[in-house]
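Residue numbers (my numbering): 19 to 884.
Here it is in structure tokens:
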């Protein structure tokens with residue numbers, strides 16, 4: 019079958035020649051999306067043909083090709099290959115007679131002589147002197163480069179020695195300075211060598227460097243040495259946080275290469291985004307306007323620039339939706355569904371996960387560093403909030419397993435565990451509001467045999483075996499109605515649960531049994547179904563109240579001895595509403611006289627806006643959950659605003675109204691509902707730390723807000739290590755790392771061991787091993803990523819938070835991977851570090867001493883950058 023019929027471009031086509039050009043140039047990010055598609059088509063069409071690799075090698079040795087490769091001139095190389103292969107435009111790659119080693123008997127060339135020559139192409143006249151391709155081995159430059167080539171692959175120490183020897187032979191050896199930069203001990207040292215490389219390349223351009231660059235750019239090795247050295251320096255400046263100078267150098271490179279055959283525009287784009295130079299960004303978008311439609315780098319950046327300037331506008335939404343069409347996987351990185359891999363490929367197919375990861379490496383920091391941007395993306399595409407990607411689930415299960423293993427065991431307790439779709443227990447399989455039964459909610463239940471519920475949760479789709487195991491382990495660590503403990507045995511009726519959980523549960527001393535029936539679970543599912551019907555009834559009554567379809571309240575009989583309590587408050591949990599994470603509000607009416615719930619409503623709205631409380635009162639009188647329709651003698655509120663708004667309306671129907679502080683039953687109901695909706699937390703809230711006070715929390719949040727405002731990750735290199743000595747009260751030394759340079763996580767990490775921290779920073783440990791190194795981590799995130807009770811305390815007491823992406827949390831990681839909330843002294847240490855670091859400028863070996871108030875006592879520290 020001809021290649022074109024297989025959906026592939028024939029080799030001699032423009033697309034195939036473009037693909038071959040990229041392959042010869044080594045493949046990189048420098049190409050646009052269409053160019054990368056060409057490379058993919060070329061590889062698909064050419065891969066596996068007889069002699070394909072030999073043809074590639076021989077093409078790469080052609081002087082003409084070498085010249086284009088030296089300049090990294092994609093466009094020129096493609097044009098040359100189009101002309102070179104034009105006689106073969108009708109060749110069928112699938113023809114058995116085709117042989118890439120010598121083409122076929124009717125081909126244009128069949129021998130080395132034909133392959134290596136072209137009478138119409140004079141390499142020396144077109145591309146300069148012979149040493150443009152091959153350096154004279156007897157020249158100082160040739161000797162220096164030969165010395166470096168011989169040292170290739172040696173240890174850093176030997177490479178450095180070879181580079182210094184090369185500089186003695188040829189002081190303008192750019193490659194030697196680049197080698198020294200690669201093996202430098204610090205970022206500052208490497209930056210110095212990069213500058214020296216640029217200076218050496220500049221000298222090598224001759225007496226008139228700029229004139230040489232303007233007239234001979236791409237046509238002499240000296241001009242390309244300067245281009246490469248300047249580009250590497252710009253990258254080092256960018257990594258060191260010296261963005262303004264990096265931008266100047268990238269712009270200079272584009273002046274020499276206006277068509278940008280080298281991909282400098284992508285590096286300039288990253289720097290302009292980081293510096294938030296919106297006018298320069300718009301000029302770059304106009305200059306390379308085709309990239310907006312083809313490249314995720316430009317498309318997503320254009321959307322973010324518009325959001326930064328104007329917020330959530332229709333145009334910003336149009337741009338972000340268009341950006342999704344260039345690569346949908348980018349969204350996974352923006353909202354945290356995927357974690358960044360440790361490294362990315364230099365070449366990534368257009369629209370691929372690899373391309374998305376490459377984009378995120380450079381640009382995720384711009385999204386997470388723009389207040390509200392990530393939440394906006396989640397809202398536009400109505401994306402769920404996730405804690406981690408599927409690849410992280412085994413690690414999460416293992417963490418819960420370790421926590422459960424440390425719990426006491428109840429030797430008499432037996433659980434039953436199962437999952438079931440809520441609808442369908444009473445014969446109905448469809449939902450009026452669900453187009454697909456797969457959208458119906460699922461209930462997951464852990465029930466104690468003979469004594470009721472341990473934990474119930476609700477999810478939107480059928481849970482996997484692994485998700486159910488995590489649910490079981492979480493239920494052991496925390497349950498609203500019992501002390502944390504491991505049961506003696508767990509009974510299940512599904513074989514996949516039995517096979518998938520047996521080994522893990524056995525490791526923590528819990529027996530697993532496969533049974534045919536789970537009566538206690540069935541009873542819980544029946545209760546859930548009944549509650550669902552009650553909820554539907556309440557929703558109908560509230561809808562009728564809102565529509566004005568209920569009978570007038572003054573027509574109902576009145577029980578003058580009854581006093582009802584009406585109140586509303588946000589619950590300590592989070593739900594998704596139109597793509598936003600919000601705290602739902604509980605509005606309830608209680609019959610205080612008979613100790614009964616008359617009406618309750620949970621909705622994602624503010625009770626002080628609209629008629630939420632009034633509708634609940636009308637519905638509770640006309641269609642109460644308990645008793646006959648009736649009016650109470652009085653209604654009491656806790657909130658004076660409710661009394662002011664609804665007291666006169668109640669008086670019109672003969673009901674007294676007043677204020678009360680005695681709403682204990684309402685608070686108990688709200689707390690219980692919050693715990694059930696929130697479920698167990700991996701790390702407990704700060705408000706539950708033993709000995710914590712509001713003053714201590716206030717000091718911590720104030721220090722974190724100042725640290726967030728200072729944004730030290732913008733000026734502190736990734737390899738910077740901070741030594742922290744506890745002076746008063748005296749304690750051990752800690753070693754800190756500022757997080758946020760990559761944009762993945764912002765904050766501060768403290769380690770007990772310098773050696774373990776350096777090993778972690780070197781990347782020589784796996785993610786699982788890294789998670790087991792003892793540390794204290796303080797990180798910033800959106801409010802919903804914190805425990806809802808901590809957010810509730812922040813709102814109630816007015817604790818400082820710098821911005822909506824700057825809610826701080828603290829986690830103590832113990833050796834072996836266990837996690838917990840910090841102890842009081844650990845939180846004090848973090849508070850003092852944050853307070854002092856906000857004003858401590860980075861400089862190698864610089865030190866400072868300071869004392870910080872932590873709300874309970876002052877803490878004195880000595881800080882030093884190593």
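For each residue, glycine too, the CB sits at the ideal point set by N, CA and C.
{"Check": "Between residue 245 and the rest of its own chain, which residues show a CB-CB distance below 8 Å, the 5 nearest in sequence each way excluded?", "Outcome": "235, 271, 274, 275, 280"}
{"Check": "If you follow the alpha helix (DSSP H) that residue 847 is part of, which residue opens it and which one closes it?", "Outcome": "842-855"}
{"Check": "Alpha carbon to alpha carbon, how far is residue 731 from residue 796? Give it in angstroms, no decimals.", "Outcome": "14 Å"}
{"Check": "Looking at the unbroken beta strand (DSSP E) that takes in residue 476, where does it start and where does it end?", "Outcome": "470-477"}
{"Check": "Count the other C-beta atoms from every protein chain shown that fall within 10 angstroms of the C-beta of residue 827, then say buried if there are 16 or more, exposed otherwise.", "Outcome": "buried"}
{"Check": "Alpha carbons only, please: which of 193, 157, 156 is nearest the one belonging to residue 170?", "Outcome": "193"}
{"Check": "Which class does residue 460 belong to by DSSP, given the choice of helix, strand or coil?", "Outcome": "strand"}
{"Check": "Whole angstroms are fine: how far does the CA of residue 519 sit from the CA of residue 530?", "Outcome": "8 Å"}
{"Check": "Does DSSP put residue 579 in a helix, a strand or coil?", "Outcome": "strand"}
{"Check": "May I have the straight-line CA-CA distance separating residue 147 from residue 240, to the nearest angstrom?", "Outcome": "Confidence in residue 147 is poor, its pLDDT being 39 and thus under 50, which makes the residue's placement unreliable; the coordinate value appears in the next sentence. Cα to Cα, residue 147 sits roughly 12 Å from residue 240."}
{"Check": "Please report how far the alpha carbon of residue 268 lies from the alpha carbon of residue 367, in whole angstroms.", "Outcome": "25 Å"}
{"Check": "Can you confirm whether residue 387, when its beta carbon is compared against all beta carbons of chain D, has any partner nearer than 8 Å?", "Outcome": "Among the chains of the structure shown, chain D does not appear; only one protein chain is present."}
{"Check": "Do residue 568 and residue 502 have their C-beta atoms closer together than 8 Å?", "Outcome": "no"}
{"Check": "Can you look up residue 227 in the DSSP assignment and give me helix, strand or coil?", "Outcome": "helix"}
{"Check": "Compare the C-alpha of residue 664 against each of 641, 630, 684, 690 and name the closest.", "Outcome": "630"}
{"Check": "Confirm, please, whether the CB-CB distance from residue 654 to residue 672 is below 8 Å.", "Outcome": "no"}
{"Check": "Tell me which same chain residues have a C-beta within less than 6 Å of the C-beta of residue 283, skipping the five on either side of it?", "Outcome": "306"}
{"Check": "Rounded to a whole number of angstroms, what is the C-alpha to C-alpha distance between residue 427 and residue 601?", "Outcome": "35 Å"}
{"Check": "What residue range does the alpha helix (DSSP H) around residue 342 cover?", "Outcome": "332-344"}
{"Check": "By Cβ distance below 7 Å, which residues in the same chain neighbour residue 201 in space, the five residues on each side in sequence not counted?", "Outcome": "174, 177, 178"}
{"Check": "According to DSSP, is residue 56 helix, strand or coil?", "Outcome": "Residue confidence for residue 56 is low, a pLDDT of 49 falling below 50, so the modelled location carries little weight and cannot support an answer."}
{"Check": "Considering only the beta carbon of each residue, do residue 579 and residue 651 sit closer than 8 Å?", "Outcome": "yes"}
{"Check": "With distance defined between alpha-carbon atoms, name the residue in 611, 618, 591, 595 nearest to residue 557.", "Outcome": "618"}
{"Check": "Going by DSSP, what residue range makes up the alpha helix (DSSP H) through residue 80?", "Outcome": "Residue 80 -> no alpha helix (DSSP H), and no H or E assigned at all."}
{"Check": "Could you tell me which uninterrupted alpha helix (DSSP H) segments, each at least 4 residues in length, are contained entirely in the stretch 267-340, listed from first to last along the chain?", "Outcome": "282-293, 296-305, 308-312, 314-328"}
{"Check": "With DSSP run on the structure shown, which of helix, strand or coil describes residue 764?", "Outcome": "coil"}
{"Check": "Anyone know if the C-beta pair for residue 866 and residue 858 falls short of 8 Å?", "Outcome": "yes"}
{"Check": "Put residue 859 into one of helix, strand or coil per three-state DSSP.", "Outcome": "coil"}
{"Check": "Mind checking which residues open and close the alpha helix (DSSP H) that includes residue 492?", "Outcome": "483-495"}
{"Check": "What do you get for residue 477, buried or exposed, if any count of 16 or more other CB atoms within 10 angstroms of its CB means buried?", "Outcome": "exposed"}
{"Check": "Going along the chain, which residues of its own chain have a beta-carbon closer than 7 Å to the beta-carbon of residue 328, five neighbours each way excluded?", "Outcome": "334"}
{"Check": "So, does the stretch 286-294 touch the stretch 761-770, judging by three or more C-beta pairs under 8 Å?", "Outcome": "no"}
{"Check": "Evaluate the contact criterion for the stretch 335-354 versus the stretch 371-380: three or more CB pairs, one atom per stretch, below 8 Å.", "Outcome": "yes"}
{"Check": "If we ignore side chains and look at the alpha-carbon of each, how far apart do residue 884 and residue 772 end up?", "Outcome": "11 Å"}
{"Check": "If you check the beta carbons only, do residue 212 and residue 166 fall under 8 Å apart?", "Outcome": "no"}
{"Check": "Between the alpha carbons of residue 747 and residue 843, how many angstroms are there, rounded?", "Outcome": "10 Å"}
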